[in-house]
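Asks: In full-length UniProt numbering, the protein residues as written are 1 to 140.
For glycine and all other residues, C-beta sits at the position ideal for the given N, C-alpha and C.
A quick note: this is a predicted structure, and the numbers were derived from the prediction, not measured.
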């Protein structure tokens with residue numbers, strides 16, 4: 001987990017959420033926890049996929065962690081996951097996905113379990129404790 005940025009756990013983290021307030025809160029806690037010097041904020045699954053595809057061959061620009069909202073217009077988190085499956089191995093090996101949701105719908109939990117590459121399910125909003133759980137559970 002060591003990198004060239006002293007004191008940070010990862011080089012980059014991505015937050016994919018259509019709600020400005022949730023992105024703002026996530027960014028605040030990611031900075032507070034010194035999770036990564038680069039925080040890539042995306043307001044849609046489509047934009048996030050485009051970013052990953054554009055940067056597939058540059059590990060320095062790929063996020064080690066992707067916090068992905070489930071409920072978004074146009075492309076929800078599950079559709080993002082369905083498309084993520086088809087991305088390059090380089091992206092799969094580097095990016096660890098955690099689903100975010102304000103919903104406690106048991107169906108969401110079941111659906112998340114269908115994707116073996118999803119590392120966890122986190123209830124919104126992010127906070128220090130939830131971020132620390134992620135940083136101690138991921139080895140990149």
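1) Are the CB atoms of residue 77 and residue 98 nearer to each other than 8 Å?
2) Which runs of the alpha helix (DSSP H) at least 4 residues long sit entirely within the UniProt domain "Response regulatory" (12-139)? Give them in chain order.
3) Give me the Cα-Cα distance between residue 62 and residue 52, rounded to the nearest whole angstrom.
4) If you draw a straight line from the C-alpha of residue 47 to the C-alpha of residue 130, how long is it?
5) Is the CB of residue 134 under 8 Å away from at least one CB in chain B?
Replies: This is what the structure holds:
1) no
2) 20-32, 45-54, 77-84, 89-94, 106-113, 128-137
3) Roughly 7 Å between the two C-alpha positions.
4) 25 Å
5) Among the protein chains of the structure shown there is no chain B, as only one such chain exists.
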